[in-house]
Amino acid sequence: MNHLRKSPVRSFVRREGRMTNAQKRALEELWPAYGFGSDSGLAGQIAGYENAERSLEIGFGDGDALLSLAKEHPMRCFIGIDPHRPGAGRLLLRLQQEGIENIRIAIGDAAQLMPTIDPGSLSQILILFPDPWPKKRHYKRRLLTADFLHILSEKLQAQGRLHIATDWQEYADEILTALDATPALENEEGRLAFSERPDWRPLTKYERRGLRLGHQVFDIAAIKR
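Numbering (the numbering used here) for the sequence shown: 88 to 312.
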């Protein structure tokens with residue numbers, strides 16, 4: 088894991104829009120209830136959910152998918168990581184307004200936060216529409232490399248599942264190749280194959296935008312061997 092910590096290349100750039108006063112207040116006032124940092128650990132940190140299955144979403148954006156899944160599965164613990172503060176503030180407001188208790192979030196680089204997650208502690212990892220970094224000079228910023236998939240595999244329990252979705256075909260093909268190079272993960276549809284869109288996966292803002300632009304959506308499903 089040390090090579091991830093030492094890497095100077097981030098998979099994101101902070102292109103944050105303006106935060107509303109309500110979002111700022113949420114980050115100040117609600118963070119102690121719903122947030123965690125790199126020094127706090129996160130697996131099993133929700134009182135009453137110590138023995139619950141745990142799902143991690145990397146890049147929760149505005150939080151719609153994470154919130155939808157948490158409401159649908161109230162007995163499961165959901166963890167979200169995203170680098171952007173406005174989206175986190177928006178999600179915190181909704182967690183308070185809707186009385187959701189089974190979500191904890193972190194703001195930061197997923198690669199840097201991986202050491203806070205116990206090995207074998209997750210039953211599911213979701214990465215929905217990660218930044219494709221379409222310009223060739225930015226390919227080095229892409230998150231989903233074979234090295235990172237290996238790190239994710241260590242966090243999954245046996246038979247735990249990884250689900251990825253993207254509307255960028257070249258990136259989708261690259262992810263399939265990286266998955267094929269990750270011995271601990273098995274593509275559920277066979278080598279270098281995409282999966283059907285599962286009914287349980289919420290429709291995200293980025294997916295809607297891609298569909299409006301005429302993009303095809305690619306789902307990739309893997310299981311921990």
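Even for Gly, the Cβ is constructed at its ideal location relative to N, Cα and C.
Simplified DSSP assignment, three categories, for residue i
| i | result |
| --- | --- |
| Arg-224 | helix |
| Ser-94 | Note that Ser-94 has pLDDT 45, beneath the 50 cutoff, so the model's placement of it is unreliable and no number is given. |
| Leu-300 | coil |
| Glu-320 | Nothing can be reported for residue 320: it is not among the residues displayed for the chain, which extend from 88 to 312. |
| Gly-122 | strand |
| Ala-109 | helix |
| Ile-133 | coil |
| Ile-187 | coil |
| Leu-117 | coil |
| Asn-89 | Model confidence at Asn-89 stands at a pLDDT of 40, short of 50, so the residue's coordinates are unreliable; what they give is reported in the following sentence. Residue state, collapsed to three classes: helix. |
| Pro-202 | helix |
| His-237 | helix |
| Leu-154 | helix |
| Arg-229 | coil |
| Ala-139 | coil |
| Arg-288 | coil |
| Asp-260 | helix |
| Leu-182 | helix |
Beta-carbon spacing of residue i, residue j below 8 angstroms
| i | j | result |
| --- | --- | --- |
| Tyr-293 | Gly-148 | yes |
| Ala-268 | Asn-274 | no |
| Thr-264 | Phe-216 | no |
| Ser-142 | Gln-211 | yes |
| Ile-192 | Tyr-136 | no |
| Met-106 | Gly-176 | yes |
| Ile-214 | Leu-231 | yes |
| Gly-247 | Leu-209 | yes |
| Pro-219 | Trp-255 | yes |
| Ala-308 | Glu-276 | yes |
| Phe-235 | Ala-198 | yes |
| Ala-152 | Glu-144 | yes |
| Gly-146 | Leu-178 | no |
| Gln-183 | Leu-117 | yes |
Inter-residue CB distance, residue i and residue j (contact presumed, cutoff 8 angstroms)
| i | j | result |
| --- | --- | --- |
| Gln-110 | Leu-180 | 7 angstroms |
| Lys-311 | Leu-272 | 6 angstroms |
| Met-201 | Ile-262 | Contact doesn't hold; Cβ gap of about 18 angstroms is too wide. |
| Arg-172 | Leu-249 | That pair is no contact at about 27 angstroms. |
Beta-bridge pairing of residue i - partner residues as DSSP gives them
| i | result |
| --- | --- |
| Leu-249 | Ile-212, Ala-309 |
| Glu-144 | Gly-167, Leu-213 |
| Ala-265 | Answer is none; Ala-265 lacks a bridge partner. |
| Ile-194 | Asp-169 |
| Ser-282 | Asp-306 |
| Leu-243 | Leu-209 |
message = Check whether the region 161-174 and the region 185-202 are in contact - that is, three or more C-beta pairs closer than 8 angstroms.
response = With a cut-off of 8 angstroms on Cβ pairs, the region 161-174 is in contact with the region 185-202, counting three or more such pairs.
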